[in-house]
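*Asks:* Let me begin by handing over the structure; questions about it come next.
Number of protein chains: 2
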Amino acid sequence: MKPKVDLSVYVITDRKLAAPRSVVEVVQAALRGGATVIQLREKEAPTREMVELGMALLRVTRPAGVPLIVNDRVDVALAIDADGVHVGQDDMPAALARKLIGPDKILGVSAETVEQALLAQRDGADYLGVGDVYGTPTKPDAGPPIGLEGLRRIVEAVDIPVVGIGGITPDNAAAVIEQSAVGVAVISAVFAAPDPEEATRRLRAAVEAGRQRASGERTL
Amino acid sequence: MKPKVDLSVYVITDRKLAAPRSVVEVVQAALRGGATVIQLREKEAPTREMVELGMALLRVTRPAGVPLIVNDRVDVALAIDADGVHVGQDDMPAALARKLIGPDKILGVSAETVEQALLAQRDGADYLGVGDVYGTPTKPDAGPPIGLEGLRRIVEAVDIPVVGIGGITPDNAAAVIEQSAVGVAVISAVFAAPDPEEATRRLRAAVEAGRQRASGERTL
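Sequence lines, in order, name chains U and E. Using this note's numbering, read the first sequence as starting at 115 and increasing by one per residue. Using this note's numbering, read the second sequence as starting at 115 and increasing by one per residue.
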């Protein structure tokens, strides 16, 4: 049975930004600060390191009741029995990923256009990571930002939940939620923060503020 | 049911060495020259490219009756229903790889020491890739060559078939077979060859010559 996932504050790992701290240490801080999803994303790591890091992360995410999702590597997700997989447009096609992980694991898909979003929904995605919203420092190969307008267009086009990604900080996170995104995904905002626990706490507060503003707007 | 595999001439892909030819073109030439196994090994390729290249390779290896084995990426192997997986010491641990691919797919493991070889055999390897035998140009991070003596020590220590790898050419392949290796694995010798078909044919002849010399020595 697939768990219902709280996508509010979705924290993605980066061992380079974590250094000299370990990835596990930063994730532990993020969990204390209220992260609701952890994604293991290490594009450059050898498979064995990813497997070992994934196993170490599960030992902290499972007790916290927070799902661990593996970026790109369906094999690593299966090997460690992670809670799900997230695939981008250069990764395993979503339909194949769904076939490999089965119906009960979480499948997330990156989309930057309405077409990609609708295809991912059709192919079995449980949620979408949509961006680059504001312009990201961590994916130098990304195209120009889609902005809040691009995000809103995709949210309105699909039935599955959308997480905004790309340059999101505690200061601009509320506006993402006001576009009816269910959450914010971040790398740098937590992994490059001197105090990742506090940074996550501020993101969570910003998500709450965004929700209250959005529901206020709807009530008026 | 796992097929019986002829490991005699085991050709590993390298799209950089293939250029300006395509990987599929070089593999087709190798198959005409008598390659008995093809391994898809593209450490730098995005997952989607590996999946697409793997599917394209299956369209030429299947009609030739030659197994296609995927290096490192169990997910890609599962996605394209390849014939097996080959894992190195930095890749998925062999026992986990075996669990993911099931009992009927081919599992190969790289080993450079007797300890690694015995562990791989215990963990479900069907064959070993052992080297670096002569010193390889394509894996700059490899340690010093283990030589023909190192190869022989491993062949004698295990019960599963061993393929030699590392700097093997048509001119030195016979000596590898004389150490009781069942085959030779090559990247450059075929992928960097101006005529990959002819290079493969010469490797195959060298393997045959090595077998005849080895059986002659045993008869004397």
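Cβ coordinates follow ideal geometry from the N, Cα and C atoms, glycine included.
To test your reading of the DSSP string, which unbroken beta strand (DSSP E) runs of 3 or more residues are found completely within the region 134 to 196 of chain U?
*Replies:* 151 to 154 and 182 to 185
*Asks:* Could you work out which residue in E:Val165, E:Ile268 and E:Ser294 is closest to glutamate 229 (chain E) when comparing CA atoms only?
*Replies:* E:Ile268
*Asks:* Would you say the region 172 to 183 of chain U touches the region 136 to 152 of chain U, given that touching needs at least three Cβ pairs under 8 angstroms?
*Replies:* Flag = yes, the region 172 to 183 of chain U and the region 136 to 152 of chain U touch.
*Asks:* Helix, strand or coil for valine 296 (chain E) per DSSP?
*Replies:* In the three-state scheme derived from DSSP, where H, G and I count as helix and E and B as strand, valine 296 (chain E) is classed as coil.
*Asks:* In terms of residue numbering, what span does the alpha helix (DSSP H) encompassing isoleucine 215 (chain E) cover?
*Replies:* Note, isoleucine 215 (chain E): alpha helix (DSSP H), 208 to 215.
*Asks:* Tell me which residues share the same chain as aspartate 309 (chain E) and place their Cβ nearer than 8 angstroms to its Cβ, disregarding the 5 neighbours each side in the sequence.
*Replies:* Ala143
*Asks:* By Cβ distance below 6 angstroms, which residues in the same chain neighbour alanine 306 (chain E) in space, the five residues on each side in sequence not counted?
*Replies:* Leu131
*Asks:* Closer than 8 angstroms between beta carbons: that is the criterion. Which residues of the region 148 to 166 of chain E meet it against chain U?
*Replies:* Pro160, Thr161, Arg162, Glu163 and Val165
*Asks:* One question on the structure: do glycine 281 (chain U) and alanine 295 (chain U) come within less than 7 angstroms of each other, judged by their Cβ atoms?
*Replies:* no
*Asks:* Touching or not, the region 116 to 129 of chain E and the region 156 to 166 of chain U, by the rule of three or more beta carbon pairs under 8 angstroms?
*Replies:* With a cut-off of 8 angstroms, the region 156 to 166 of chain U and the region 116 to 129 of chain E do not count as touching, because too few Cβ pairs lie within range.
*Asks:* Which chain E residues sit within Cβ distance under 9 angstroms of leucine 411 (chain U)?
*Replies:* Not covered by the structure: residue 411 (chain U). The range shown for chain U is 115 to 334.
*Asks:* Please tell me whether aspartate 240 (chain U) and leucine 221 (chain U) are closer than 7 angstroms, where the distance is taken between their beta carbons.
*Replies:* Against a cut-off of 7 angstroms, the Cβ pair of leucine 221 (chain U) and aspartate 240 (chain U) comes out as a contact.
*Asks:* So, with DSSP's three-state summary, where would you put leucine 233 (chain E)?
*Replies:* Three-state result, leucine 233 (chain E): helix.
*Asks:* Determine the DSSP secondary structure at leucine 265 (chain U), reduced to helix, strand or coil.
*Replies:* In the structure shown, leucine 265 (chain U) sits in a helix (DSSP, three-state: H, G or I).
*Asks:* So, for alanine 234 (chain E): in the same chain, excluding its five sequence neighbours on each side, which residues have a beta-carbon less than 7 angstroms away from its beta-carbon?
*Replies:* Excluding sequence neighbours, alanine 234 (chain E) sits near Ala208, Val223, Ala225 and Leu242.
*Asks:* Output needed for proline 251 (chain U): all residues of its chain with C-beta closer than 6 angstroms, excluding positions within five of it in sequence on either side, in chain order.
*Replies:* Ser302
*Asks:* What's the call for glutamine 326 (chain E), buried or exposed, on a 16-neighbour Cβ count within 10 Å?
*Replies:* exposed
*Asks:* Answer with yes or no whether the minimum CB distance from methionine 169 (chain U) to chain E is below 7 angstroms.
*Replies:* no
*Asks:* Inspect the beta-carbon positions of valine 125 (chain E) and alanine 149 (chain E) and report whether they are closer than 7 angstroms.
*Replies:* yes
*Asks:* Here's a check: name, in chain order, each residue in its chain whose Cβ is nearer than 8 angstroms to the Cβ of alanine 289 (chain U), leaving out the five neighbours to either side.
*Replies:* Leu262 and Gly324
*Asks:* What three-state label does DSSP hand serine 224 (chain U) in the structure shown?
*Replies:* strand
*Asks:* Valine 247 (chain U) to arginine 176 (chain E), Cα distance in whole Å?
*Replies:* 45 angstroms
*Asks:* Is there at least one Cβ from chain U nearer than 7 angstroms to aspartate 205 (chain E)'s Cβ?
*Replies:* yes
*Asks:* Under three-state DSSP, which class holds valine 276 (chain U)?
*Replies:* strand
*Asks:* For valine 188 (chain E), collect the residues of the same chain with a Cβ closer than 7 angstroms to its Cβ; drop the 5 residues on either side in sequence, then sort them by chain order.
*Replies:* Val199, Met206, Ala211, Leu214 and Ile215
*Asks:* To which residues does DSSP link glycine 249 (chain E) through a beta bridge?
*Replies:* In DSSP, glycine 249 (chain E) forms no bridge with anything.
*Asks:* Residues in the same chain with beta-carbon distance under 8 angstroms from aspartate 273 (chain E), minus the five sequence neighbours each way, listed in chain order, please.
*Replies:* Gln235
*Asks:* Which residues in chain E sit within 9 angstroms of aspartate 285 (chain U), going by Cβ to Cβ distance?
*Replies:* Within 9 angstroms Cβ-Cβ: nothing; aspartate 285 (chain U) doesn't reach chain E, min ~33 angstroms.
*Asks:* Would you say leucine 182 (chain U) faces chain E, with C-beta separation under 7 angstroms as the test?
*Replies:* Under the Cβ criterion of 7 angstroms, leucine 182 (chain U) is not counted among the residues facing chain E.
*Asks:* Closest to proline 259 (chain U) by CA distance: which of U:Leu265, U:Arg266 and U:Gly249 is it?
*Replies:* U:Gly249
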